[in-house]
Amino acid sequence: MLSPVGIGIAAGLVLGVVFVWFGALNAFFVGLFMLAGWIVAKLVMGEIDILDLYERFMASRGKRTRR
Numbered sequence: 004m005l006s007p008v009g010i011g012i013a014a015g016l017v018l019g020v021v022f023v024w025f026g027a028l029n030a031f032f033v034g035l036f037m038l039a040g041w042i043v044a045k046l047v048m049g050e051i052d053i054l055d056l057y058e059r060f061m062a063s064r065g066k067r068t069r070r
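Using the numbering used here, the letters of the sequence shown map in sequence onto residues 4 to 70.
So this is what it looks like as C-alpha cells:
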C-alpha cells in the first residue's frame, strides 16, 4: 500500500495532467469526483459511520440560537 505522501503525489500528478489537458473547470470536477469516490470507498470499508455523522449533524443543529 502506498504511503499518504505517495497517494498525495499521485493525486497531484493526475490533477495536474487533467488541468493541463482539459482546463481548470474540468480539473475541478475530476477532483470533485475523486473526492466522492474516496468517500464512497471509506463508507464501503466501514471507516465512516454514516449514522454517527447524521446524529452529530442533527445534534449540532439543535444547539443553534434562532433570531
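Just so it is clear, CB atoms sit at the ideal spot from N, CA and C, and this is done for glycine as well.
Could you tell me the alpha carbon to alpha carbon distance between residue i and residue j, rounded to whole angstroms?
{"i": "A29", "j": "M48", "result": "Just to set this straight, residue 29 is Asn in the shown sequence, not Ala. If you take the alpha carbons of N29 and M48, they lie about 29 Å apart."}
{"i": "A14", "j": "K45", "result": "17 Å"}
{"i": "L18", "j": "G34", "result": "7 Å"}
{"i": "A62", "j": "V23", "result": "43 Å"}
{"i": "M37", "j": "L54", "result": "23 Å"}
{"i": "V21", "j": "L56", "result": "32 Å"}
{"i": "E50", "j": "V43", "result": "10 Å"}
Any chance you could list the beta strand (DSSP E) runs of at least 3 consecutive residues sitting entirely within the segment 26-67, in chain order?
none
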